[in-house]
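So for the sequence shown, my numbering puts the first residue at 22; every next one is plus one.
Don't be surprised by glycine CBs; every beta carbon is placed ideally from N, CA and C.
Computed from a prediction, not measured in an experiment: that's the story for all the values here.
All remarks here apply to the structure that follows.
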Amino acid sequence: MDRRHFNRLAGLGWLGLQSRSHRWFDLLSDQNLKVDGARLNDRMRMLATFGANAAGGIDRVAFSDANLEALDWMSGLLAEVGFTPSADFAGNLIATKPGSESGASPIMLGSHIDSVPGGGNYDGQIGSMAALEVATTLADAGYTTRHPLEIAVFTNEEAGKTGSRALAGELEKFELDIPTASGFTIGEGLRRLGGNPDRLEEVRRSEGSVEAFLELHIEQGAVLYEDGIDVGVVEGIVGIMRWNVTVEGKTNHAGTTPMNRRADAMVAAARFVDLVHTTALQMSGRQV
Numbered sequence: 022m023d024r025r026h027f028n029r030l031a032g033l034g035w036l037g038l039q040s041r042s043h044r045w046f047d048l049l050s051d052q053n054l055k056v057d058g059a060r061l062n063d064r065m066r067m068l069a070t071f072g073a074n075a076a077g078g079i080d081r082v083a084f085s086d087a088n089l090e091a092l093d094w095m096s097g098l099l100a101e102v103g104f105t106p107s108a109d110f111a112g113n114l115i116a117t118k119p120g121s122e123s124g125a126s127p128i129m130l131g132s133h134i135d136s137v138p139g140g141g142n143y144d145g146q147i148g149s150m151a152a153l154e155v156a157t158t159l160a161d162a163g164y165t166t167r168h169p170l171e172i173a174v175f176t177n178e179e180a181g182k183t184g185s186r187a188l189a190g191e192l193e194k195f196e197l198d199i200p201t202a203s204g205f206t207i208g209e210g211l212r213r214l215g216g217n218p219d220r221l222e223e224v225r226r227s228e229g230s231v232e233a234f235l236e237l238h239i240e241q242g243a244v245l246y247e248d249g250i251d252v253g254v255v256e257g258i259v260g261i262m263r264w265n266v267t268v269e270g271k272t273n274h275a276g277t278t279p280m281n282r283r284a285d286a287m288v289a290a291a292r293f294v295d296l297v298h299t300t301a302l303q304m305s306g307r308q309v
């Protein structure tokens with residue numbers, strides 16, 4: 022789930038983790054709970070077997086058999102630690118566990134486990150497996166949180182953020198007919214996951230209905246890696262905007278028009294692209 026969709030859900034962004042729910046993390050610190058890194062790695066390796074290809078990559082695209090098998094496997098593990106897993110109408114795997122405080126909003130953890138064709142085993146997968154590890158650690162300690170917990174594995178995150186956008190009420194009906202790498206349309210794929218594309222409106226979460234959302238994710242820019250930093254706290258998410266630009270030149274005889282009389286659109290477009298690049302490098306901040 023990206024930042025914009027989460028803001029629609031929780032209405033509070035990262036501050037929700039720092040303010041409204043800080044007591045939850047303080048309590049965990051008081052209990053001196055620690056996750057089991059070896060167990061997490063073992064589960065990551067097991068997850069990698071679903072859709073593994075001969076080249077060493079992962080073909081676990083959304084709605085594929087490998088995707089369904091991995092979701093079934095994770096559902097079983099969540100059930101073992103006291104969660105109730107189910108598929109919502111958007112095909113999201115949502116596993117819930119009650120908290121001790123009546124009426125408290127849920128804290129949601131998770132990510133996705135679908136991959137791009139020939140993908141790796143960490144993008145998205147580490148967030149889902151880390152959420153499972155937190156759930157397992159709490160269960161092993163017999164610890165009950167004040168807030169209900171929800172572990173979410175979002176549908177078709179790699180090819181359109183289908184599941185998370187449905188929760189935010191931003192999934193468009195026409196998208197259900199879009200074909201995917203699995204060979205199924207999105208609508209057909211949702212039904213394979215136990216969803217119902219005719220009832221997507223019921224999936225939408227109202228603003229403020231989620232206390233906080235937390236996702237562990239791999240770094241995708243190598244900045245932390247090159248600086249020797251293990252963990253970073255996200256302060257902002259890339260915002261992508263696109264514009265259609267038309268560059269018009271002047272037609273003339275291709276072979277005989279002198280260079281100093283040409284007005285080639287490609288030359289002007291190249292200068293425009295270079296200027297955008299140069300301007301971005303000169304601006305303060307962390308442009309990507």
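To which residues of the same chain is residue i closer than 7 Å at the C-beta, ignoring the five residues directly before and after it?
i: N160; result: A small correction: the amino acid at residue 160 is Ala; Asn does not occupy that position in the sequence shown. Here the set comprises V102 and G103.
i: G148; result: G131, S132, E236, L237 and H238
i: A73; result: I79
i: W45; result: Its pLDDT being 49, under 50, W45 is placed unreliably in this model, and the coordinates cannot settle the point.
i: Q39; result: Unreliable placement is indicated for Q39, whose pLDDT of 37 sits below 50; the coordinate value is still reported in the next sentence. Hits under 7 Å: none found.
i: D144; result: I239
i: F205; result: F84 and R213
i: K271; result: A284
i: P106; result: S96, L99, A100, L114 and A116
Confirm, please, whether the CB-CB distance from residue j to residue i is below 8 Å.
i: F175; j: N88; result: no
i: E154; j: V56; result: yes
i: I79; j: N142; result: yes
i: E269; j: A290; result: no
i: E214; j: A108; result: Before going further, note that residue 214 is Leu rather than Glu in the sequence given. Taking 8 Å as the Cβ cut-off, L214 and A108 qualify as a contacting pair.
i: S230; j: T165; result: no
i: T201; j: L192; result: no
i: L398; j: A162; result: Because the chain in this structure spans residues 22 to 309, residue 398 falls outside the shown range and cannot be described.
i: R212; j: P218; result: yes
Can you round the beta-carbon distance between residue i and residue j to whole angstroms, since I take them to be within the 8 Å contact cut?
i: I128; j: H168; result: 5 Å
i: L99; j: I172; result: 6 Å
i: V137; j: E179; result: 5 Å
i: G210; j: E196; result: So it is not a contact: roughly 11 Å between Cβ atoms.
i: S203; j: V82; result: 5 Å
i: A187; j: A111; result: 4 Å
i: M150; j: L68; result: 6 Å
i: K118; j: L170; result: 5 Å
Going by C-alpha to C-alpha distance, which of the options sits closest to residue i?
i: S126; options: A290, D198, T299 and F234; result: F234
i: N273; options: P218, S227, R283 and Q303; result: R283
i: D251; options: M65, I258, G260 and E240; result: E240
i: G140; options: S123, A152, A75 and A156; result: A75
i: T97; options: R64, G77, G124 and V266; result: The amino acid at residue 97 is misidentified as Thr; the sequence shows Gly. When each option's Cα is compared against that of G97, the closest is R64.
i: G242; options: R307, G216 and K271; result: R307
Only counting the same chain, and skipping five residues up and downstream in sequence, which positions put a Cβ closer than 8 Å to that of residue i?
i: S42; result: Confidence at S42 is low in this model, with a pLDDT of 46, below 50, so the placement of that residue should be treated as unreliable; the coordinate-derived value is given next. Counting only Cβ-Cβ distances below 8 Å, and skipping sequence neighbours, we find I128, H168, E232 and A233.
i: V259; result: V309
i: F293; result: V266 and V268
i: E247; result: none
Who are the Cβ neighbours of residue i in its own chain at under 6 Å, not counting the five residues just before and after it?
i: L296; result: none
i: A152; result: L130, G131 and I172
i: Q146; result: L68 and I134
i: F27; result: In this prediction, F27 has a pLDDT of 44, which is less than 50 and means its spatial position is unreliable; nothing more can be read from the coordinates.
i: G253; result: L245
Can you tell me whether residue i is buried or exposed? The criterion is at least 16 other CB atoms within 10 Å of its CB, across all chains shown.
i: I134; result: buried
i: F84; result: buried
i: A275; result: exposed
i: T157; result: buried
i: V288; result: exposed
i: V224; result: buried
i: G77; result: exposed
i: G216; result: buried
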